[in-house]
Structures are given as structure tokens and as C-alpha cells.
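The block underneath contains the structure these notes are about, expressed in C-alpha cells.
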Amino acid sequence: MSMHARILAAIRKIPRGKVSTYGAVARGAGYPGLARQVGGILRRSAGMPWHRVLGAGGEINVPRDYAMEQRFRLESEGVIFRGRRVDMKRFEFQFPRARSLREKSKKSS
DNA sequence: AGGGTGACGATCA
DNA sequence: ATGATCGCCACCC
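Take the first sequence: its position 19, counting from 1, is numbered 22 in this note's numbering, and each next residue is one higher.
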């Protein structure tokens, strides 16, 4: 399974009414440190619950063209904002502990 | 091989 | 809180 596929799979696990962050998705998928790729992949993928992925701290981090829609979609799922950010204490989806799949050298299985 | 690019994130002024 | 800076890394020329 490719990194790309694992990341998309992780994003699809975020349930309705919950959110995650680019960094957390990367870690949940087994690729700590690849928050940027999560953003890039999500940006180019159709049919994904993109609105459930926020920036660190629960801040909306998409260009303004989509910012309003993201907030609207989340609020319609019951996610509550406090100022500009989501109350992560209550709405962040916790990914199960994932083994880092990042490889510095050889070996797989 | 090498340089530029992010829907990132942590830190600091 | 806000903006700058820097570290990070897969991708795309």
C-alpha cells in the first residue's frame, strides 16, 4: 500500500462530527512529519471529507475561497468553534497508535 | 542531481 | 494574538 493510499485511508476514518489535523493524520497513517503531503494530497483528491482536516490547534487552514464552506460543513455536523478554532478537546478524533512506516533505509516485509 | 514548492507545525519577537 | 522564520519532505520539473 502506498503512502498516498494510507493517508487517504486515514482521512476517511475521521467520523462525522469529529476533526483531525494535517499532522495528526500523517502520524495516524504512519508517516510522522509529513503534514505537508497530507495537505497536498487532500487538496488534489475528490470525494474526501476534506473539511474534517484542520491545521494545528484546530485552526482552519484552507484558502479563503473554501474557509467559509469548511466551517459551515463542520458546524452542520455539530462541531463547535471557539473563536477561529475548533475545540479540539472535544472534537478531535484520536487515531490509534500507528507504527511509523517511514523508511530511512531498506527492509519492509 | 538540484532547486523550488506547499490546504504544515513549532518557536520567537 | 499576529507575523516572520525555520525545519521538514515528497513531488515536480
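Idealized CB from N, CA, C, for every residue including glycine. In this text the structure is predicted, and so the values were computed from the model without any measurement.
Under the three-state DSSP convention, the category residue i falls into
i, result
"K109", "Because K109 sits at a pLDDT of 42, beneath the cut-off of 50, its placement in the model cannot be relied upon, and the following sentence gives the value as read from the coordinates. K109 falls in the coil class under three-state DSSP."
"R47", "helix"
"S5", "coil"
"R100", "coil"
"L11", "helix"
"R39", "helix"
In DSSP terms, what residue i is bridged to
i, result
"G58", "E62"
"R85", "R88"
Beta-carbon gap between residue i and residue j smaller than 9 Å
i, j, result
"S23", "F98", "yes"
"S48", "L104", "no"
"G61", "R88", "yes"
"G26", "A8", "no"
"R55", "K21", "yes"
"L57", "M51", "no"
Residue i versus residue j: straight-line alpha-carbon distance, rounded
i, j, result
"G33", "Q40", "13 Å"
"I83", "E95", "11 Å"
"A70", "E106", "35 Å"
"I63", "W53", "11 Å"
"R135", "I14", "Because residue 135 is not part of the residues shown, which for the chain are 4 to 112, the question remains open."
"A81", "V65", "It is Gly, not Ala, that sits at residue 81 in the sequence shown. Cα-Cα distance, rounded: 20 Å."
Residue range of the alpha helix (DSSP H) that includes residue i
i, result
"L77", "R67 to S79"
"R30", "Y25 to A32"
"R19", "Element bounds for R19: n/a, residue is neither H nor E."
"R93", "M91 to F94"
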